[in-house]
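The opening residue of the sequence shown carries number 20 in the numbering used here; numbering runs sequentially from there. From the three backbone atoms N, C-alpha and C, an ideal C-beta is built for every residue, glycine too.
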Amino acid sequence: MDDEVMTARRRGAMTGGTPPRRSRGRLADEVYDTLLGQLMSLRIEPGSRVTIDVLARELGVSQTPIRDALNRMEAEGLVVRVPHAGYRIPPQITRQRFEDMLEVRLLLEPAAARRSAERASSKQVAGLRRMLEEMAELEGGGDGLMAYGAFGLRDAAFHDLVALSAENQVIREALARLHTHVHLFRLLHDTQVTHLAMAEHEEVLAAIAARDPDAAAYAMRRHILLSGERFRRLFDEVKGSDGMTVKA
20 MDDEVMTARR
30 RGAMTGGTPP
40 RRSRGRLADE
50 VYDTLLGQLM
60 SLRIEPGSRV
70 TIDVLARELG
80 VSQTPIRDAL
90 NRMEAEGLVV
100 RVPHAGYRIP
110 PQITRQRFED
120 MLEVRLLLEP
130 AAARRSAERA
140 SSKQVAGLRR
150 MLEEMAELEG
160 GGDGLMAYGA
170 FGLRDAAFHD
180 LVALSAENQV
190 IREALARLHT
200 HVHLFRLLHD
210 TQVTHLAMAE
220 HEEVLAAIAA
230 RDPDAAAYAM
240 RRHILLSGER
250 FRRLFDEVKG
260 SDGMTVKA
């Protein structure tokens with residue numbers, strides 16, 4: 020898949036309504052972005068059932084792009100197919116899954132930020148800056164859960180752009196498969212999360228723009244650790260072990 024198309028899909032998530040007439044592939048992409056945005060904003064609740072015919076009516080499209088989008092989400096672990104019953108949204112991630120994802124991110128993302136400081140083009144640095152500007156607009160927009168979900172999508176796109184500019188496709192693909200930001204932003208609607216993440220992203224970008232590999236790696240590691248602390252507190256309220264959801 021073309022890198023710019025992948026990033027554009029993450030940036031261009033719809034918030035609802037009837038998509039304009041498009042080709043099958045383009046329409047499926049738009050449906051995917053819509054469903055992903057609703058999942059992250061908790062309009063589609065963890066553990067709930069989703070069916071193709073209901074989604075087709077709600078979004079005003081045929082079943083074909085709905086099916087294509089759900090098949091893609093199933094391959095990425097975002098939905099689970101239930102035989103003869105449609106699809107189900109997985110429960111919130113467990114504490115162990117969270118810690119495992121954090122460990123992998125600490126191994127990969129500082130390295131990606133280091134390489135980005137060494138290899139990013141001026142155009143890519145400008146793209147990272149535009150992404151932060153979009154996130155800042157969403158942060159101050161006050162549009163509730165949907166704005167929060169859109170912020171999460173752009174948070175994911177920012178990290179993806181860092182990995183892209185690092186020119187290491189293996190790292191980028193590994194991080195994309197985790198869908199870390201999707202899972203984390205589903206945990207809680209908390210404006211503090213967006214506010215603090217913005218400041219930390221600024222530090223990462225400043226180091227990359229300054230072509231300082233050590234500072235970029237340090238800023239990214241610090242961001243991941245601080246983000247981990249913000250989300251880790253949620254698991255202190257978990258009732259039990261695997262499969263239990265987090266109390267908001």
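Burial state of residue i, where buried means 16 or more other Cβ atoms lie within 10 Å
{"i": "residue 244", "result": "exposed"}
{"i": "residue 66", "result": "exposed"}
{"i": "residue 111", "result": "buried"}
{"i": "residue 49", "result": "buried"}
{"i": "residue 128", "result": "buried"}
{"i": "residue 99", "result": "exposed"}
{"i": "residue 260", "result": "Interpretation of residue 260 is limited by its pLDDT of 41, a score under 50 that renders its predicted location unreliable; no figure is taken from the coordinates."}
{"i": "residue 175", "result": "buried"}
CB of residue i within 8 Å of CB of residue j, strictly
{"i": "residue 108", "j": "residue 69", "result": "yes"}
{"i": "residue 170", "j": "residue 220", "result": "no"}
{"i": "residue 96", "j": "residue 198", "result": "yes"}
{"i": "residue 87", "j": "residue 47", "result": "yes"}
{"i": "residue 230", "j": "residue 130", "result": "no"}
{"i": "residue 1", "j": "residue 185", "result": "There is simply no residue 1 to check, as the chain begins at 20 and stops at 267 in what is shown."}
{"i": "residue 239", "j": "residue 132", "result": "yes"}
{"i": "residue 94", "j": "residue 85", "result": "no"}
{"i": "residue 92", "j": "residue 54", "result": "yes"}
Residues that residue i bridges to, as DSSP identifies them
{"i": "residue 107", "result": "68 and 99"}
Whole-Å CB distance - residue i paired with residue j, under 8 Å assumed
{"i": "residue 187", "j": "residue 134", "result": "6 Å"}
{"i": "residue 183", "j": "residue 196", "result": "Actually they do not touch by this definition, with Cβ atoms about 15 Å apart."}
{"i": "residue 147", "j": "residue 227", "result": "7 Å"}
{"i": "residue 114", "j": "residue 250", "result": "Wrong, their Cβ atoms sit about 10 Å apart, outside the cutoff."}
Selected residue, minimal CA-CA separation from residue i, among the options
{"i": "residue 242", "options": "54, 228, 216 and 61", "result": "216"}
{"i": "residue 140", "options": "180, 102 and 120", "result": "180"}
{"i": "residue 218", "options": "194, 252, 158 and 60", "result": "158"}
{"i": "residue 173", "options": "189, 193 and 149", "result": "149"}
{"i": "residue 214", "options": "246, 102 and 126", "result": "246"}
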